[in-house]
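Right, one structure below, let's go through it.
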Amino acid sequence: MDKKIETGERKTVNWVKIKRLLKGELGLILILVALLAVFSFLSPYFFTSKNLLNITRQVSITLIVAIGMTFVILTGEIDLSVGSAAALVGVTTAVVLKASGQLELAMISGLLMGAGIGIVNGLLTVYGRVQSFIVTLAMLGVARGAALVWTGGKPISKLPADFGTMGAGYLGVVPVSSIIAAGIFVLAFFVLNRTKHGVYMKSIGANREAARLSAIPVKRYRVLAFVISGVMSGLGGILITSRLLSAQPTAGEGLELNVIAAVILGGASLSGGIGTVLGTLLGTMVIGVIDNGMNLVGVSSFFQQIVKGVIILVAVLAKRSD
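Counting in the numbering used here, the sequence shown runs from 10 upward without gaps.
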């Protein structure tokens, strides 16, 4: 009798472990493999080296911005302004580039604009004590409006061809934007998993009061998370502008939705304290594979939104269900 009980307990423990693994990165990997198999069957052009590299190029901007969002969500906040921030940074970069002809100065100016947006979001949220949802929703409108007013609603084109290398260039057969995204991923992974700063970010999201009592500078790190998000949004905006060789004031519309979906699909909790950049990478890849695969199969762009939404919802429910 005792042996049967022990066997039952072992089976229960093993099943709990399996469920935990499936809710984590392993579950996302299995979903990704399943999607790769399905689209490979549906389209002979999907599982080719050229198309797979193209997917990494397509998701590179989303991944970079999503990594910034991961820092914000880890602290228990959210940033809805990333798409508008990317557009304003793109416009800033293009204006400075055309005026000065100096690529480095233009990029620095753009990234500073992104950091400035992050600082404003952080200060209003942390010291103004306004919910980040409200602050960043307002910034979404302010940044987008500023980009439209600055350009008169028209794109800034005829940018130097050299500027296009970042967004549309290749190093061998590998897209430069994919290499940049990979570098950002490695850096973020190191910060969150190998430094005290990552521990602080997660601790603040898990229990803000306990983090404060542990002498962690909570307010400083909460603001820092928004600054990181602003800089990553800025980098995303620069890459969009580089890819198009044109600064579009309407660029990045809907980017925040894909970014938040990728982070949440990757296992992050909107309440904070839970999330990894590896999960964000996998969540971004799942969304990218869905988009690319449906395009190759010839699914209507209108219907794609429905399919992608359902797949993401089912995947999240499957990962989180008990």
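C-beta atoms are modelled at their ideal positions from N, C-alpha and C, and glycine is treated no differently.
Helix or strand or just coil, what does DSSP make of ALA220?
Translated into the one-based positions of the sequence shown, residue 220 becomes position 211. DSSP places ALA220 in helix when its eight states are reduced to three.
Contained beta strand (DSSP E) runs [length at least 3] in the segment 148 to 195, N- to C-terminal order:
none
Using a Cβ-Cβ cut-off of 6 angstroms (strictly less than) and excluding sequence neighbours within five positions of VAL135, which residues of its own chain qualify?
Taking the sequence shown and counting its residues from 1, one reaches residue 135 at position 126. The answer, listed in chain order, is LYS228, ARG231, VAL232.
Hey, could you find the ends of the alpha helix (DSSP H) LYS102 is sitting in?
Residue 102 sits at position 93 when you count from the first residue of the sequence shown. In the sequence as presented, Lys is not what sits at residue 102; that position holds Thr. Taken as a continuous stretch (DSSP letters only), the alpha helix (DSSP H) holding THR102 covers 91 to 109.
By how many angstroms is the C-alpha of MET241 removed from the C-alpha of MET210?
By one-based count along the sequence shown, residue 210 stands at place 201. By one-based count along the sequence shown, residue 241 stands at place 232. If I take the Cα positions, the gap works out to 17 angstroms.
CB contact flag (VAL68, SER238, <8 angstroms):
The sequence position of residue 68 within the sequence shown is 59, counting from 1. The sequence position of residue 238 within the sequence shown is 229, counting from 1. No, the Cβ-Cβ distance between VAL68 and SER238 is not below 8 angstroms.
Please report the straight-line C-alpha distance between LEU248 and THR289, rounded to a whole angstrom.
The residue labelled residue 248 in the question sits at position 239 within the sequence shown. The residue labelled residue 289 in the question sits at position 280 within the sequence shown. Whole-angstrom Cα-Cα distance: 19 angstroms.
Could you check which residue in THR250, GLY181, GLU262 has the C-alpha nearest to that of ASP171?
Here residue 171 is taken as the residue at index 162 of the sequence shown, counted from 1. Closest option to ASP171, Cα to Cα, is THR250.
Look at the Cβ atom of VAL144, then the Cβ atom of LEU133, and state whether they are nearer than 8 angstroms.
As a first step, residue 144 is located in the sequence shown; it is residue number 135 there, counting from the start. As a first step, residue 133 is located in the sequence shown; it is residue number 124 there, counting from the start. Yes, Cβ-Cβ distance for VAL144 and LEU133 is below 8 angstroms.
Alpha-carbon to alpha-carbon, GLY150 and ALA219:
Walking along the sequence shown from the start, residue 219 turns up at place 210. Walking along the sequence shown from the start, residue 150 turns up at place 141. Distance between the alpha carbons of ALA219 and GLY150 is about 35 angstroms.
Suppose the cutoff is 8 angstroms on Cβ atoms and the five residues either side in sequence are ignored; what does the same chain contact list for ARG138 look like?
The count along the sequence shown starts at 1 and reaches residue 138 at position 129. Cβ within range, chain order: n/a, list empty.
Can at least three beta-carbon pairs, one atom from the segment 265 to 285 and one from the segment 83 to 96, be found at a separation below 8 angstroms?
yes
Given a cut-off of 8 angstroms on the beta-carbon distance, is the pair THR71 and ALA271 in contact?
Translated into the one-based positions of the sequence shown, residue 71 becomes position 62. Translated into the one-based positions of the sequence shown, residue 271 becomes position 262. The answer is yes: Cβ separation under 8 angstroms.
Excluding the 5 residues preceding and the 5 following GLY127 in the sequence, name in chain order all residues of the same chain whose CB lies nearer than 6 angstroms to its CB.
Working through the sequence shown from its first residue, we reach residue 127 at position 118. Result list for GLY127: PHE235, VAL236, SER238, GLY239, in chain order.
Could you tell me the boundaries of the alpha helix (DSSP H) in which ASP300 lies?
For the purposes of this step, residue 300 is identified with residue 291 of the sequence shown, where counting begins at 1. Looking at the DSSP string, the run of the alpha helix (DSSP H) that includes ASP300 is 286 to 306.
With a threshold of 7 angstroms (Cβ to nearest heavy atom), would THR250 be considered close to the ligand FAD?
Inclusion of the ligand FAD in the displayed structure is not the case, the ligand content being empty and no account of it being possible.
Using the three-state DSSP reduction, which class does VAL81 fall into: helix, strand or coil?
Counting from one through the sequence shown, the residue named residue 81 turns up at place 72. Looking at VAL81 - three-state DSSP - the assignment turns out to be helix.
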